[in-house]
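Going by the working numbering, 740 is the number at position 68 of the sequence shown; the sequence numbering is gapless. Using N, Cα and C, we set each Cβ at its ideal position, and we do this for glycine too. Accompanying notes for the structure given below.
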Amino acid sequence: MNMFALVTPGPTEWVLILVIVLVLFGAKKLPELARSLGQSMNEFRKAREEFDKELHRAGEDLKGTPQTPQNTQPVQPSQQVPQAQPPTQPPTQPS
Numbered sequence: 673m674n675m676f677a678l679v680t681p682g683p684t685e686w687v688l689i690l691v692i693v694l695v696l697f698g699a700k701k702l703p704e705l706a707r708s709l710g711q712s713m714n715e716f717r718k719a720r721e722e723f724d725k726e727l728h729r730a731g732e733d734l735k736g737t738p739q740t741p742q743n744t745q746p747v748q749p750s751q752q753v754p755q756a757q758p759p760t761q762p763p764t765q766p767s
């Protein structure tokens with residue numbers, strides 16, 4: 673048995689939903705609601721496409737950059753950063 677068929681509204685349910693929407697919002701508000709819904713869907717589509725483009729660009733940048741630097745030069749002993757010494761505690765005098 674297909675579970676999707678149990679969840680999908682049939683034609684009778686769609687008519688009932690449309691009648692309820694018509695009663696709640698009225699005939700004058702329906703075109704405004706449809707227009708705003710269309711604009712919202714258009715904005716969402718544009719944002720999704722922009723996100724896809726940015727994600728694709730980031731993937732191309734990662735593919736184009738090498739993992740290890742090619743122009744590495746060995747560090748000379750005079751250029752090495754000295755390691756920090758652990759702090760020494762002054763000797764305590766017995767009481």
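Integer Cβ distance of residue i from residue j, believed to fall under 8 Å
i	j	result
residue 705	residue 697	6 Å
Cβ pair residue i, residue j closer than 8 Å
i	j	result
residue 702	residue 709	no
Alpha carbon of residue i to alpha carbon of residue j, nearest angstrom
i	j	result
residue 714	residue 707	11 Å
residue 727	residue 736	14 Å
residue 720	residue 732	18 Å
residue 679	residue 734	43 Å
residue 724	residue 730	10 Å
residue 722	residue 712	15 Å
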